[in-house]
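Novice:
Protein chains: 2
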Amino acid sequence: METRELKYFVAVAEELHFGRAAERLGMAQPPLSRAVQQLERRLGVRLLERNRRGVALTDAGEVLLREGRATLDAATAAARRTRRAGGADNLSGERTRLVLAVKTAAAHELLQELLDAYAAEPDAAEVEVLQCGMCDQEARLRDGSADVALMHVPFNSLAGFDSEEIMTENQFAILPAGHPLAARENLSLADISDVPGLPPARWPRHGIYPPGPGPEIRDQTQLAQLVALGRTVAAVPDSARAWLWPEHAAVPLADAPPVVTHIAWPAHSRSTALACLVRTAVRLASSR
Amino acid sequence: METRELKYFVAVAEELHFGRAAERLGMAQPPLSRAVQQLERRLGVRLLERNRRGVALTDAGEVLLREGRATLDAATAAARRTRRAGGADNLSGERTRLVLAVKTAAAHELLQELLDAYAAEPDAAEVEVLQCGMCDQEARLRDGSADVALMHVPFNSLAGFDSEEIMTENQFAILPAGHPLAARENLSLADISDVPGLPPARWPRHGIYPPGPGPEIRDQTQLAQLVALGRTVAAVPDSARAWLWPEHAAVPLADAPPVVTHIAWPAHSRSTALACLVRTAVRLASSR
DNA sequence: CCCTGTGATACCTACCGGGTATCACAGCGA
DNA sequence: TCGCTGTGATACCCGGTAGGTATCACAGGG
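Sequence lines, in order, name chains A and B.
Note that this note's numbering has the first sequence beginning at 674, numbered continuously upward.
Note that this note's numbering has the second sequence beginning at 674, numbered continuously upward.
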């Protein structure tokens, strides 16, 4: 099975429309139809149900969409990492460079400490910090844009990665300063899940937003502004206190699950620079 | 990057010889040379060092070998799982079939209980048990031959999989019955690591055998026989008591790390049958 | 000094991936 | 009822390229 065919199938499966998929791929529709048919023939499996008005995925198609995306990610990651290994690093003794994906503005302090501690290591590599939106450190790690990431369980999923736990925090509720609930000593998740006129913010889980009335959040600035405007409420980890606005109020959440920050990297990574960074992070965690 | 090119490169990187690699791939040597050159050109990176007598991997080549294997595994897994999803399952209401990879003869009892408990579930699928050698449940899971596996940390690595812990056991030393050490009440790892005439057995870690004087073990029968013959000694988990021979002696190991059995599956798997099996396993674990 | 074994090059062919033009068909509105 | 529209499939052509064979260039070793 060639990655070309896989790319084509994934495009069609995502668009559920040959014409649009072909356009997205920068090609004409007929060869795309043919390529997908050929893939079906090769696998001996019907992937798409063509009902005269559009296209639907079969069960097998669902499977291939999921597994195919993973395969394509693996391929682009392989290419990217190989290029990086051969490009800067090999020539003229330039040092290995590590790309660390972080959720923008999450856990500043920890990040700062980690970078400082790592820089002090004798064989430290240069670390480039790649800032991500609410949840796409996972994707960056999977497609090879990053070598290592700081992830926050349960917001991120560690599935498919190696990881070490480095910090646990409680959560608090972030509310508009003037709101009645802001005066409370304590809140529970139930208290903030159904406040009239203050729908809880939603962020993507595995790339899609859960249903609900609240606004869809892509980054923390957006969240900060919406809370300040009195449009939403959210649960955030302690380290978020660093970026609170005067218009915000913070109230401890008694029953929210703790947020556990992990340092995560692609399974089977074997770079010594990475191993050193992880070691530093673990040491830091145990000394806090 | 096409899987074809990747397959070619991996073959060459493994053989370190274009001729043999070409033979293994069932093609002539010149087009293989050309394909690898083209891959190097496309990536803009030198992958192989051709010194007139054979071939060596560059650093970038090492990276691509590792990542490329992962990509190829993902691709074959995608094809296999898609075929399975479309083949038996979709037609005529036949039930989903789960393939469970286990280390042959490891943790019988647990396996038996798990299969029984799962079969009693209302929406249980048929479970096929795939018996593996010492350590290749990981490979089976990665290449799509299996959907789920019982793995034994620290013998197996869970890197890249989702998993749940279901059993913890201590280890004991398994020795020839007549051996002086067999009379001891307790042993330590140090005691059995350097016994004259009784080199400790070795099994593969990530596909390769660690160096040492002891015999290379592929399955438990082999180990059993070698111990009975007075050729080797090994540390094995408690559940292995089930298959001890009269010629064997078992002595508790005070300082060996516990063996933790996990149920593991490919990250992001979403089959309901699998979820049910995992739930059953976890329930079983907590009730033991 | 030639023979052997290595990977690279030259050149040809056949296949196939991609394009354009067109078809077959379902739904829909006049 | 008859086009009209939008869908994916088919027919056919062309060029690039994957693969083959023959050969080269070169390092080591007898």
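Note that CB positions come from ideal geometry on N, CA and C, so glycine has one too.
Does any C-beta atom of chain A lie closer than 7 Å to the C-beta of valine 718(B)?
Specialist: Walking along the second sequence from the start, residue 718(B) turns up at place 45. Interface residue (Cβ-Cβ distance to chain A less than 7 Å): valine 718(B) is classified as such.
Novice: Can you list, in chain order, the stretches of the beta strand (DSSP E) that have 3 or more residues and sit fully within the region 726 to 762 of chain B?
Specialist: 728 to 730
Novice: Along chain B, in chain order, which residues have C-beta atoms closer than 7 Å to that of arginine 677(A)?
Specialist: In the first sequence, residue 677(A) corresponds to position 4, counting from 1. Here the neighbours are Glu675.
Novice: Ordered along the chain, which non-local residues of its own chain (more than five positions away) have a Cβ less than 8 Å from that of proline 930(A)?
Specialist: If you number the first sequence from 1, residue 930(A) lands on position 257. Correct list, in chain order: Pro827 and Gln844.
Novice: Put alanine 901(B) into one of helix, strand or coil per three-state DSSP.
Specialist: Position 228 of the second sequence, counted from the start, is the residue given in the question as residue 901(B). Helix, per DSSP.
Novice: As a quick exercise: from Pro795(B), Glu799(B), Ala946(B) and Ala832(B), pick the residue whose alpha carbon is nearest that of alanine 812(B).
Specialist: As a first step, residue 812(B) must be located in the second sequence, where it is residue number 139. It is Ala832(B) whose Cα lies nearest to the Cα of alanine 812(B).
Novice: Once you ignore the five residues that flank histidine 935(A) on each side, which residues in its own chain have a CB closer than 7 Å to its CB?
Specialist: The residue you call residue 935(A) lines up with position 262 of the first sequence. Met824, Val826, Leu831, Ser836, Glu837, Glu838 and Ile839.
Novice: Between leucine 947(A) and chain B, is there a C-beta pair that is closer than 7 Å?
Specialist: The residue labelled residue 947(A) in the question sits at position 274 within the first sequence. So no, leucine 947(A) is outside the interface.
Novice: Note down, one range per segment and in chain order, each beta strand (DSSP E) of at least 3 residues found wholly within the region 817 to 869 of chain B.
Specialist: If one requires a minimum length of 3 residues, the beta strand (DSSP E) runs lying completely within the region 817 to 869 of chain B are 821 to 826, 834 to 842 and 844 to 849, in chain order.
Novice: Quick check on cysteine 805(B): does DSSP put it in helix, strand or coil?
Specialist: For this step, residue 805(B) is matched to residue 132 along the second sequence. Cysteine 805(B): strand per DSSP, three-state reduction.
Novice: Please identify the residue among Ala863(A), Arg677(A), Thr841(A) and Arg719(A) whose C-alpha is closest to the C-alpha of proline 704(A).
Specialist: By one-based count along the first sequence, residue 704(A) stands at place 31. When Ala863(A), Arg677(A), Thr841(A) and Arg719(A) are compared, the shortest CA-CA separation from proline 704(A) is found for Arg677(A).
Novice: With which residues is leucine 771(B) paired in a DSSP beta bridge?
Specialist: Position 98 of the second sequence holds residue 771(B). According to DSSP, which records beta bridges pairwise, leucine 771(B) is partnered with Val800(B).
Novice: For leucine 737(A), decide whether its Cβ has a neighbour in chain B, counting only Cβ atoms nearer than 7 Å.
Specialist: Counting from one through the first sequence, the residue named residue 737(A) turns up at place 64. Taking 7 Å as the CB threshold, leucine 737(A) lines the interface with chain B.
Novice: Nearest to glycine 903(B) by alpha carbon, out of Gly741(B), Ala790(B) and Leu854(B)?
Specialist: Here residue 903(B) refers to the residue found at position 230 when the second sequence is read from its first residue. Closest by alpha carbon: Leu854(B).
Novice: In terms of residue numbering, what span does the alpha helix (DSSP H) encompassing alanine 679(A) cover?
Specialist: Within the first sequence, numbered from 1, the residue matching residue 679(A) stands at position 6. The displayed chain sequence assigns leucine, not alanine, to residue 679(A). Start and end: 676 to 688.
Novice: Mark proline 883(B) as exposed unless 16 or more other C-beta atoms lie within 10 angstroms of its C-beta, in which case mark it buried.
Specialist: Here residue 883(B) refers to the residue found at position 210 of the second sequence. Its Cβ having fewer than 16 others within 10 Å, proline 883(B) is exposed.
Novice: Suppose contacts are defined by Cβ-Cβ distances below 7 Å. Is alanine 922(A) in contact with leucine 848(A) by that definition?
Specialist: Sequence index remark: in the first sequence, residue 922(A) carries index 249 (1-based). Sequence index remark: in the first sequence, residue 848(A) carries index 175 (1-based). Between alanine 922(A) and leucine 848(A), the C-beta gap is smaller than 7 Å, which places the two residues in contact.
Novice: Check glutamine 781(A) in the structure and name its three-state DSSP category.
Specialist: Translated into the one-based positions of the first sequence, residue 781(A) becomes position 108. Looking at the sequence shown, residue 781(A) is not glutamine but histidine. If DSSP states are grouped into helix, strand and coil, histidine 781(A) belongs with the helices.
Novice: Please check if any C-beta of chain B sits within less than 7 Å of the C-beta of serine 765(A).
Specialist: Residue mapping note: residue 765(A) aligns to position 92 of the first sequence, counting from 1. Confidence at serine 765(A) is low in this model, with a pLDDT of 41, below 50, so the placement of that residue should be treated as unreliable; the coordinate-derived value is given next. It does not: the Cβ of serine 765(A) has no partner Cβ on chain B nearer than 7 Å.
Novice: Do leucine 721(B) and alanine 733(B) come within 7 Å of each other at the CB atom, strictly closer than that value?
Specialist: Position 60 of the second sequence, counted from the start, is the residue given in the question as residue 733(B). Position 48 of the second sequence, counted from the start, is the residue given in the question as residue 721(B). The answer is no: Cβ separation not under 7 Å.
Novice: Determine the DSSP secondary structure at leucine 698(A), reduced to helix, strand or coil.
Specialist: Counting from one through the first sequence, the residue named residue 698(A) turns up at place 25. Reduced to three states, the DSSP call for leucine 698(A) is helix.
Novice: Any Cβ of chain A within less than 7 Å of the Cβ of aspartate 816(B)?
Specialist: Within the second sequence, the letter at position 143 stands for residue 816(B). Answer no: the Cβ-Cβ gap between aspartate 816(B) and chain A never drops below 7 Å.
Novice: Give me the Cβ distance between alanine 792(A) and alanine 822(A), rounded to the nearest whole Å; I'm assuming they're in contact under 8 Å.
Specialist: Numbered from its first residue, the first sequence carries residue 792(A) at position 119. Numbered from its first residue, the first sequence carries residue 822(A) at position 149. That pair is no contact at about 19 Å.
Novice: What are the start and end residues of the alpha helix (DSSP H) that includes valine 951(B)?
Specialist: Along the second sequence, read from residue 1 onward, the residue named residue 951(B) stands at position 278. Per DSSP, valine 951(B) belongs to the alpha helix (DSSP H) from 945 to 960.
Novice: Are any of the Cβ atoms in chain A nearer than 7 Å to that of histidine 941(B)?
Specialist: Your numbering for residue 941(B) matches position 268 in the second sequence. Yes, contact with chain A.
Novice: For the alpha helix (DSSP H) that arginine 813(B) lies in, which residues bound it at each end?
Specialist: The residue given as residue 813(B) occupies position 140 in the second sequence. Taken as a continuous stretch (DSSP letters only), the alpha helix (DSSP H) holding arginine 813(B) covers 810 to 815.
Novice: Examine chain A for any beta-carbon lying closer than 7 Å to the beta-carbon of glutamate 799(B), and answer yes or no.
Specialist: Taking the second sequence and counting its residues from 1, the one referred to as residue 799(B) is at position 126. It does not; no Cβ of chain A falls within 7 Å.
Novice: When the Cα atoms are used, what is the spatial distance from leucine 716(A) to alanine 874(A)?
Specialist: In the first sequence, the residue the question calls residue 716(A) occupies position 43. In the first sequence, the residue the question calls residue 874(A) occupies position 201. The straight-line gap from Cα to Cα measures roughly 43 Å.
Novice: Quick check on proline 888(A): does DSSP put it in helix, strand or coil?
Specialist: To locate residue 888(A), count along the first sequence from 1; it is residue 215. Proline 888(A): coil per DSSP, three-state reduction.
Novice: So, is the C-beta of glutamate 740(B) closer than 7 Å to a C-beta in chain A?
Specialist: Along the second sequence, one-based indexing puts residue 740(B) at 67. For glutamate 740(B), the answer is yes, since a Cβ of chain A falls inside 7 Å of its Cβ.
Novice: Relative to the alpha-carbon of leucine 814(B), which residue among Ser959(B), Glu799(B) and Thr749(B) has its alpha-carbon at the smallest distance?
Specialist: Translated into the one-based positions of the second sequence, residue 814(B) becomes position 141. Measuring from the Cα of leucine 814(B), the nearest candidate turns out to be Thr749(B).
Novice: Let's see if you can read the secondary structure: which residues bound the beta strand (DSSP E) around tryptophan 938(A)?
Specialist: Locating residue 938(A) in the first sequence gives position 265, counting from the first residue. Where tryptophan 938(A) is concerned, the enclosing beta strand (DSSP E) starts and stops at 932 to 939.
Novice: Would a check of beta-carbon distances place alanine 752(A) closer than 7 Å to chain B?
Specialist: In the first sequence, residue 752(A) corresponds to position 79, counting from 1. Taking Cβ atoms only, chain B reaches closer than 7 Å to alanine 752(A), which makes this a yes.
Novice: Of the residues that make up the region 829 to 842 of chain B, which ones have a beta carbon closer than 7 Å to any beta carbon in chain A?
Specialist: Residues of the region 829 to 842 of chain B with a C-beta less than 7 Å from any C-beta of chain A: Ala832, Gly833 and Asp835, listed in chain order.
Novice: On the DSSP bridge assignment, give the partners of leucine 926(B) in chain order.
Specialist: Counting from 1 along the second sequence, the entry for residue 926(B) is found at position 253. Partner(s): Leu860(B).
Novice: Am I right that alanine 778(A) and leucine 803(A) are in contact with their C-beta atoms under 8 Å? What's the rounded C-beta distance?
Specialist: Reading the first sequence from its first residue, position 105 is the one you call residue 778(A). Reading the first sequence from its first residue, position 130 is the one you call residue 803(A). Alanine 778(A) to leucine 803(A), Cβ: 14 Å. No contact.
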